[in-house]
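Residue numbers (the working numbering): -3 to 568.
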Ligand code: SF4
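And the structure:
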């Protein structure tokens, strides 16, 4: 790792001025090539090329992406220079006839004493292990290290791209999860709803032996019966093995606090999630290399990041880049229809739909993207537009599930019409440059859903975390608007919560977002009528009367307005 970083810029590409600047700054920072470095750079700056430069410079790197789709993007961009491996379900198992469509996930090698063949999965993994750059996705890498005892030797460098969702991804790796069918089959009935994670310890402790016995019975059949041994491991065999690992970890981690996610509706799955990944992050990630570089548009404050992942703040260094794109190419337009929250939606949604219809009319020939607060909110908006502005509604491609995302994006890109995507799940990982996106609408501030027990528990533990997650989501959505120096796109924000959020949490947002937001607020003030926001009443003073100390100064989980201590009546 001796030469200048620029010497390692991926072959066939020329670094742009802003990439040269960032690499120069990074080079100075990496004179001490150890510890953890956060690289924050706006979308469109070409962070994949920077990550690849670092990997080539180290000559010995793990390069992790947040999603499989991004892994494919790396492969398209850099091809043979990196060795890519995905989860087993992406490769066929060659021991079965192809028409069975069985993947390496069901390979017989997954049984004790199973065969070790040289199939595509085994070859891809062996090649990546021996190569200078091992590229995979974060979830698979963490799963390999934590649950499969994979021999992933310590390397010089670990790069984690799009690392703003890292905490949730790691929490998922340790989650103990049962579907209703699994609970019925393994325990005779759905497990009871208990007050907290701690209460599940004795219950699951008593079930471990039973599950282990069931697994051994299934495996014994494979040893005794050659016909059975030729069959792939059953889904049940694989599921029990996975859940047993996680239950044992849950039982053996008494210092970790666990959150229960178990909706009251019949048929809901039960999940036990670690509230914090701080005790596990070092072993599963940061010990994998001498130097870890995490990149994203925005990763939050250094101290909060360090706390989240069990690091000392002085182990973490930050390099933040500004936006290379002029403000005029990436404006925000603030058109508040009211402070949107669960409590106000019913009242404000007609005004919201009217505003969206107006924006669609103003961009009659442009392609765009509408960020909805949820799938349900997106459906209501589409229905309202259908009545109010049928022509505009026909332009909309509603992405009704995360599974339909790739298809909708394809349709949007190939259609000659001015199509507009509508989705609650396209704030990140979506690249729509130039005419694929000339405007986008953020209908609601992207507060994480406090109806989710893990989010609510995380917010109660650390209110800064909740504000930071909101800031990260907002910055990610804004980043869809302008993808390169020659691009331009307008971002409309319709939720009046923006103004309050900026007033309170301005220090949490990167300067390149703040400059656009400030300009938007200044413009909106020139038309004061636009800021006459409707605030329907919320009963949070009464709801939280007993918890004044906990909730004062935080957003109300129902209406998302800030709660003044003075507004909460004293109780005996
Ligand atoms: S190594 Fe495993 S997945 Fe690959 S062909 Fe053999 S049994 Fe199938």
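A virtual CB, placed ideally from N, CA and C, is assigned to each residue, including glycine.
Asked                                                                                                                          : Found
Nearest candidate by alpha-carbon position, reference residue 155, set 418, 262, 124 and 289                                   : 289
Exposed unless 16 or more other CB atoms sit within 10 angstroms - verdict on residue 528                                      : With a pLDDT of only 41 at residue 528, under 50, the local geometry of the prediction cannot be trusted, and the value read off the model is given with reservation. Residue 528 is exposed by the Cβ-count criterion.
Rounded Cβ spacing between residue 434 and residue 519 (contact assumed at less than 8 Å)                                      : Not confirmed; about 19 Å, so no contact.
As assigned by DSSP and simplified to three states, the class of residue 36                                                    : strand
Under the three-state DSSP convention, the category residue 334 falls into                                                     : strand
Residue 341 - DSSP class collapsed to helix/strand/coil                                                                        : helix
Assigned exposure category for residue 13 - 16 Cβ within 10 Å defines buried                                                   : exposed
Check: residue 111 C-beta below 7 Å from any heavy atom of the ligand SF4                                                      : yes
Touching by the beta-carbon criterion (3+ pairs, under 8 Å), the region 72 to 85 and the region 143 to 153                     : no
Check: residue 103 C-beta below 7 Å from any heavy atom of the ligand SF4                                                      : yes
N-terminal and C-terminal residue of the alpha helix (DSSP H) that residue 73 is part of                                       : 64 to 74
Whole runs of the alpha helix (DSSP H) within the region 267 to 343, excluding any shorter than 4 residues                     : 274 to 280 and 298 to 304
Cut-off 7 Å between Cβ atoms - residues of its own chain near residue 97, not counting five sequence neighbours on either side : none
Residue range of the beta strand (DSSP E) that includes residue 174                                                            : 172 to 174
Residue 100: CB within 7 Å of a non-hydrogen atom of the ligand SF4                                                            : yes
C-beta atoms of residue 503 and residue 317 nearer than 8 Å                                                                    : no
Paired residues, beta bridge with residue 57 - DSSP                                                                            : 129 and 153
For residue 394, three-class secondary structure by DSSP                                                                       : strand
Residue ranges of each alpha helix (DSSP H) within the region 214 to 257, 4 or longer                                          : 222 to 225 and 231 to 247
Residue 90 Cβ short of 7 Å to the ligand SF4 heavy atom set                                                                    : yes
Selection from 4, 42 and 418 that minimises the alpha carbon distance to residue 319                                           : 42
Residue closest to residue 108, alpha-carbon to alpha-carbon, out of 357, 217 and 274                                          : 217
heavy atom of the ligand SF4 below 7 Å from residue 371 C-beta                                                                 : no
Given 8 Å, three or more beta-carbon pairs between the region 304 to 315 and the region 335 to 349                             : no
CB contact flag (residue 464, residue 416, <8 Å)                                                                               : no
Complete runs of the alpha helix (DSSP H) confined to the region 433 to 514 [at least 4 residues]                              : 449 to 457, 459 to 474 and 493 to 501
Counted within 10 angstroms of its Cβ, other Cβ atoms place residue 219 as buried (16 or more) or exposed                      : exposed
Cβ-Cβ separation, residue 9 to residue 45 (assumed contact under 8 Å), whole Å                                                 : 6 Å
beta-carbon residue 117 near the ligand SF4 non-hydrogen atom, thresh 7 Å                                                      : yes
Minimum C-alpha distance to residue 34 - residue among 124, 272 and 297                                                        : 297
Distance CB(residue 494)-CB(residue 330) smaller than 8 Å                                                                      : yes
Simplified DSSP assignment, three categories, for residue 417                                                                  : strand
Close-in-space but distant-in-sequence residues of the same chain around residue 315 (CB under 8 Å, 5 per side omitted)        : 18, 21, 22, 25, 33, 34, 35 and 36
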